[in-house]
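These notes are about the structure you will find just below.
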């Protein structure tokens, strides 16, 4: 490596660096800042979407009363967030377990569809197979541009399912889609912060659904 | 960002030194990856988190970041699978609450397998509210609170491993810090909260029984290496038992999952 005339500015540059102490300080500062950003984004997003969450949660509760199932899907980390949402509804930390299915779980179905009709259709084809008009479809995409998630939600809307789309950035194609009933956009440019906030949004939706079902149960129980 | 300071998660993480723990863990993790390690990700109570953390490392969301070998392991035979697949010097990452029996079992055994143990968790801290979780893992990053189920759903647990990924990638951009300061063993000694610290003192090392001979000798794994030890001092042992061994002699059979209450 030739001598870098600006090297004096970076005493520990690259392979010469031996002391991890200053890096550890920088890393911890970065972590603290991101913890603050994440919690601030979640708080702000929950507040900004309060009305929309109440509307979506209420509509979901209505559907569950009529026997709906929640069908959730996404890609990559968002696929695991969809599975987490399914787990939350089916095995709740409190309240009533509710029927929910993940459309990313079955490797046979996913690989068969991906191989034969293309990955863009892996969720919409499952909606065609499984979706009932009373069901709820929840799609996760951080960009809002995942073609298979958008097409899954659009197919669900066509079939009468209640559709909830979670996205980030400016909402992408999902936010622009006229057919998705509830579009929840986390306004951030960071995939990670968006996913953290989407977790918080799903937890709030679940909490609203449980609240509404409890309220309904009480009314029904007292003549 | 001022509004964030008062939120429960931010306050809890600041109070418990989460940022500093993440930094130290990221440094250790980057060094292991640089040495060729695979990270085995297990979240027995929350399998989607195990898959999520693995996909973060394998397929980075930021273009240009290095793809790293992380593999989620789940199901009833997670312990057997990691035992079979992991090599000494690999990393075990457990994401769980303190009371997860599978996670605790993996953490205990993987010391004998020679794995570097990282535990990301939420809820009541193992070893009690103010107690160290030391000895149970080489690196512990904990989100203190009384409701791990909620933390696992609120975005807090996801945040923990997102940050671990982000910081690990930063360390990987400092090649000078990756070359030294580690061997096949843990990065730094765990905190000692037991009467006999099995790692730091010369009292003994954790060994997992592989096979038992008629004459009282047993084949064990210690830090991932096979050894034959004299087990005549201990009660009946069977494959899978964990022993404390010293100077070629098994001193005692380690009991099951340590008490995590206080």
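Residue numbers (my numbering), protein chains in the order written: chain A, 45 to 267; chain B, 1115 to 1376.
Using N, Cα and C, we set each Cβ at its ideal position, and we do this for glycine too.
Keep in mind that this is a model prediction, so the values were computed, not measured.
Chain A contact for residue i (CB, 8 Å cutoff)
i                       : result
residue 1318 of chain B : no
residue 1305 of chain B : Interpretation of residue 1305 of chain B is limited by its pLDDT of 39, a score under 50 that renders its predicted location unreliable; no figure is taken from the coordinates.
residue 1239 of chain B : no
residue 1158 of chain B : no
residue 1184 of chain B : no
residue 1180 of chain B : no
residue 1165 of chain B : yes
residue 1127 of chain B : yes
residue 1290 of chain B : yes
residue 1130 of chain B : no
residue 1118 of chain B : Per-residue confidence for residue 1118 of chain B stands at a pLDDT of 37, beneath the threshold of 50, marking its modelled position as unreliable; the derived number appears in the next sentence. Yes, contact with chain A.
residue 1236 of chain B : no
residue 1301 of chain B : Because residue 1301 of chain B carries a pLDDT of 42, less than 50, the predicted location of this residue cannot be relied on, and no value is offered for it.
residue 1267 of chain B : yes
residue 1143 of chain B : no
residue 1276 of chain B : yes
Residue i - DSSP class collapsed to helix/strand/coil
i                       : result
residue 1170 of chain B : helix
residue 1302 of chain B : For residue 1302 of chain B, the predicted structure reports a pLDDT of 42, less than 50, and the residue's modelled location is therefore unreliable. A value from the coordinates is still provided. If DSSP states are grouped into helix, strand and coil, residue 1302 of chain B belongs with coil.
residue 1106 of chain B : Here chain B comprises residues numbered 1115 to 1376, so residue 1106 of chain B is not present and cannot be evaluated.
residue 184 of chain A  : strand
residue 216 of chain A  : helix
residue 1176 of chain B : coil
residue 1319 of chain B : strand
residue 1350 of chain B : coil
residue 300 of chain A  : Since the displayed chain A opens at 45 and closes at 267, residue 300 of chain A lies outside it and no answer follows.
residue 1369 of chain B : coil
residue 249 of chain A  : helix
residue 1147 of chain B : helix
residue 1210 of chain B : strand
residue 19 of chain A   : Only positions 45 to 267 of chain A appear in this structure, which leaves residue 19 of chain A out of reach.
residue 1344 of chain B : strand
residue 1333 of chain B : strand
residue 1198 of chain B : helix
residue 1404 of chain B : Lying outside 1115 to 1376, the shown extent of chain B, residue 1404 of chain B is not represented and no answer is given.
residue 1256 of chain B : strand
Any chain B beta carbon closer than 8 Å to residue i
i                      : result
residue 89 of chain A  : no
residue 228 of chain A : no
residue 244 of chain A : yes
residue 260 of chain A : no
residue 76 of chain A  : yes
residue 137 of chain A : yes
residue 68 of chain A  : yes
residue 64 of chain A  : yes
residue 240 of chain A : yes
residue 71 of chain A  : yes
residue 207 of chain A : no
Other residues of its chain near residue i: CB distance less than 6 Å, five sequence neighbours each side excluded
i                       : result
residue 205 of chain A  : 175, 179, 181
residue 116 of chain A  : 126, 129, 130, 146, 182
residue 1277 of chain B : 1136
residue 1283 of chain B : 1179
residue 1338 of chain B : 1202, 1227, 1228
CB of residue i within 8 Å of CB of residue j, strictly
i                       : j                       : result
residue 157 of chain A  : residue 166 of chain A  : yes
residue 1223 of chain B : residue 1356 of chain B : yes
residue 1140 of chain B : residue 1285 of chain B : yes
residue 1362 of chain B : residue 1345 of chain B : no
residue 80 of chain A   : residue 1281 of chain B : no
residue 1127 of chain B : residue 1207 of chain B : no
residue 1181 of chain B : residue 1172 of chain B : yes
residue 199 of chain A  : residue 171 of chain A  : yes
residue 100 of chain A  : residue 236 of chain A  : no
residue 210 of chain A  : residue 254 of chain A  : no
residue 1268 of chain B : residue 1235 of chain B : no
residue 256 of chain A  : residue 139 of chain A  : no
residue 216 of chain A  : residue 187 of chain A  : yes
residue 1205 of chain B : residue 1230 of chain B : yes
residue 1157 of chain B : residue 1253 of chain B : no
residue 1270 of chain B : residue 1237 of chain B : no
residue 1257 of chain B : residue 240 of chain A  : no
residue 133 of chain A  : residue 114 of chain A  : yes
residue 122 of chain A  : residue 184 of chain A  : yes
residue 1291 of chain B : residue 66 of chain A   : no
Cutoff 7 Å; reference residue i; Cβ partners in own chain excluding five residues on either side
i                       : result
residue 1359 of chain B : 1318, 1319, 1321, 1334, 1336, 1343, 1365
residue 233 of chain A  : 213
residue 1138 of chain B : 1253
Same chain, Cβ closer than 8 Å to residue i, neighbours up to 5 away in sequence not counted
i                       : result
residue 1351 of chain B : 1323, 1326, 1332, 1345, 1357, 1364, 1367
residue 97 of chain A   : 90, 228, 245, 248, 249, 252
residue 1163 of chain B : 1157, 1209, 1266, 1271, 1272, 1275
Residue i: CB within 7 Å of a non-hydrogen atom of the ligand HEM
i                     : result
residue 81 of chain A : Among the ligands in the structure shown, none appear at all, so the ligand HEM cannot be discussed.
Which runs of the beta strand (DSSP E), 3 residues or longer, sit entirely within the segment 119-165 of chain A?
-> 144-146
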